[in-house]
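The structure appears below as structure tokens.
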Amino acid sequence: MTIARYDTRPVGSCVDCFAWGALWWYGLCTACYAFRRLHHAGRCDGCRRHIAVKQRYCRLCWREAHRRANIDRITTGTGIPHCGSLAPFLQQIDGHQLVFANTDVSLWTPSSKAKQSKRRVVPAPQPFTPPPGPGQTTVFTVPRDLTRFRRPSTHEEWLNGALALPHVARAWHAAQLTADAHGWTARMLGEVRRTLITALCCRPADEPVRYSELQPLAAARSLPVERTAQLLADLGMLHDDRISPLEKAFDRRLADVSPAIRAPVEDWIRQLLNGTKRARPRTWETVMEYLRSVSPVLTLWSHTHDHLLEITPDHVREALASLPSSSARTQALISLRSLFRHLRAHRLIFKNPTLRIAPGAVRLPPILPLTQTDYQQVIAAATTPEHRLMLALAAVHAARPGDIRALQLDDVNLGDRLITIAGHDRRIDDLTLKAIRRYLDLRRKRWPNTANPHLLVSARTAYDTRPVTPYYLSNLFRGHNATLDRLRADRWLDEALDRGPDPLHLAAVFGISAATAIRYANSARSILEGAPLRA
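Residues 5 to 539 (this note's numbering) make up the sequence shown, in order.
Next up, the structure:
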């Protein structure tokens, strides 16, 4: 060991292993100092000293056992492997070989009398073995054009031959089970089976069906591609080669963002969706709101900066000031804080530029009541039972669109005239009772065998168990001032005007938060007092 001339550490013998050299702390060498921190003191079975021990032996005995095992392995070839048990050598210790401090690595380096070649050994080529299972090895993939499939003249004979294939028969039987479970009509079952036969009869059992091959069938022959794809996915026979919704969102929101800025942003979004050891995964809606609010700022920075490392607090303030509203600035700052925390945690930036930046007060728009004309227009447009039911739930019971979609048949108790909306039981008035009964009659007549547990079903969800889409609700009120959200807000405001601006009453009746109840109570108080409404 060579000690530098400027090394001021004391030189002596280690009090634990008796090695001579530069000592580290309290008369210990570096290795013994680390050994003491990891193990408790006890009596060593080898040297009989009261010292730090690991498995009843001190570091000096362990080092001696390693040395003897190395010598035995190198000279005679009868020793144990390097990482094997050292118990036989520990039991035979009757003396110790002293060494210089901090030179134990030499004991671990194997030596050999014959000089070993440094030439890399090329492994012998392995013989080719075909892949297990049926089918042939795929040389290159060519998508199939399923629209060219034509039903043969001898359809019955051809169908029996197709059903003789095991994978076709399995999918055929699975379609029947799914139809029985979800209440499919005979026509729906026949169309799904037709799509299955078209997709499976032209391929071996081990070749999955691509979603891109099924998509043209929906436009060319109006076949239920989505239900067929879900059935194939449940059977493990589908290869979904569609562009993921996340990649579509990236292309839509980050199209004008420079690549050096876009790459860490995509990593941040994926981490929000997948979660980490210290953070739970966020919902799809929350992550998309983060991406939507931060995309204008990133696009602005892409014109003047090459990397997010260049962003300073002044740049953040300027970008927030360019946004149109206070709510947009607040949401953008929340998203930017999350983004720069991710970058700082992964050491992509030196300092978080969003620290000590306050979003400021959010100026909410004033709550104005709907006019009589707005109600007359939306009532005249409600010509179907499902439209009238949505109108009653929003205007009378102040139900949110998400709560209307989530309503199930078990939430409606016509005998006791109770309906459970978002966990709150409410009495059913005559108007709502009439709307529910008319809609249930239509539902029972149109889809008598549906197994969907939700109250509202559509032509797409009647054959499965999903709720209706948000578009299904919003499309019925498109073009009117009295949307579902406006009707719900007007119901809250009307309750405050009728029973008095009491936020406790609003929170108890509708189950809303304290801040929302106070806001609507203040708006009602301003209207009753004739004062101008303020945000």
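Backbone N, C-alpha and C define an ideal beta-carbon position, used for all residues, glycine too. Since we're looking at a predicted model, the values are computed, not measured.
| query | result |
| --- | --- |
| Coil, strand or helix - E230 by DSSP | helix |
| Span of the beta strand (DSSP E) around R47 | 45-47 |
| Unbroken beta strand (DSSP E) run spanning H54, endpoints | 54-58 |
| Nonlocal neighbours in the same chain, by C-beta distance under 7 Å from S342, ignoring five residues either side | Y294 |
| Alpha carbon of P14 to alpha carbon of R63, nearest angstrom | 22 Å |
| Between the CA atoms of P208 and R155 - distance to the nearest angstrom | 19 Å |
| Between the CA atoms of F354 and V229 - distance to the nearest angstrom | 50 Å |
| Inter-stretch contact (C-beta, 8 Å, three-pair minimum) for the stretch 387-395 and the stretch 353-372 | no |
| P370 and S527 closer than 8 Å at C-beta | yes |
| Sequence-distant residues of its chain with Cβ nearer than 6 Å to L501 (five each side left out) | A528 |
| Beta carbon proximity, R148 to chain B, threshold 8 Å | Going by chain labels, chain B is absent from the structure shown, which holds only one protein chain. |
| Pairwise C-alpha distance: I522 and N479 | 31 Å |
| Exposed unless 16 or more other CB atoms sit within 10 angstroms - verdict on F104 | exposed |
| Beta-carbon separation (whole angstroms), N106 vs G16, contact threshold 8 Å | Contact flag wrong, Cβ pair sits at about 13 Å. |
| CA nearest to the CA of R72, picked from A223, K58, I55, Q95 | Q95 |
| Reduced DSSP category for Q412 - H, G, I as helix; E, B as strand; rest coil | strand |
| Straight-line Cα distance separating C36 from C21 | 7 Å |
| Contact set for K119: own chain, Cβ-Cβ below 8 Å, skip 5 residues either direction | Low local confidence applies: a pLDDT of 48 at K119 is under 50, so the model's placement there is unreliable, with the coordinate-based value given in what follows. Nothing listed; no residue qualifies. |
| Touch test, the stretch 190-208 against the stretch 244-259, Cβ-Cβ under 8 Å, three pairs minimum | no |
| Where Q335 falls, given that 16 or more other Cβ within 10 Å makes a residue buried | buried |
| First and last residue of the uninterrupted beta strand (DSSP E) at A26 | 24-26 |
| At least 3 beta-carbon pairs within less than 8 Å: the stretch 460-475 vs the stretch 180-192 | yes |
| Helix, strand or coil at S329 according to DSSP, with G and I counted as helix | coil |
| Alpha helix (DSSP H) segment containing T424, residue limits | It is not in any alpha helix (DSSP H) - T424 instead sits in the beta strand (DSSP E) that spans 422-425. |
| Alpha-carbon spacing of H177 relative to Q234, whole angstroms | 15 Å |
| Reduced DSSP category for R266 - H, G, I as helix; E, B as strand; rest coil | helix |
| Proximity to T308 [Cα-Cα], best of I265, V472, D415, V298 | I265 |
| Buried versus exposed call for Y61 [16 or more other C-beta atoms within 10 Å across all chains shown] | buried |
| Check whether A23 and H43 have beta carbons under 8 Å apart | no |
| Backbone CA spacing between G137 and R174 [nearest angstrom] | Note that G137 has pLDDT 48, beneath the 50 cutoff, so the model's placement of it is unreliable and the number below is only indicative. If I take the Cα positions, the gap works out to 18 Å. |
| First through last residue of the alpha helix (DSSP H) which encompasses H177 | 170-186 |
| Simplified DSSP state of D494, which is helix, strand or coil | helix |
| Integer-rounded CB distance, given that G46 should sit under 8 Å from C65 | Between G46 and C65 the Cβ distance is about 12 Å, and since that is not below 8 Å, they are no contact. |
| Buried versus exposed call for A323 [16 or more other C-beta atoms within 10 Å across all chains shown] | buried |
| Coarse secondary structure for H243, derived from DSSP in three states | strand |
| The stretch 430-446 contacting the stretch 367-381, beta-carbon criterion three pairs below 8 Å | no |
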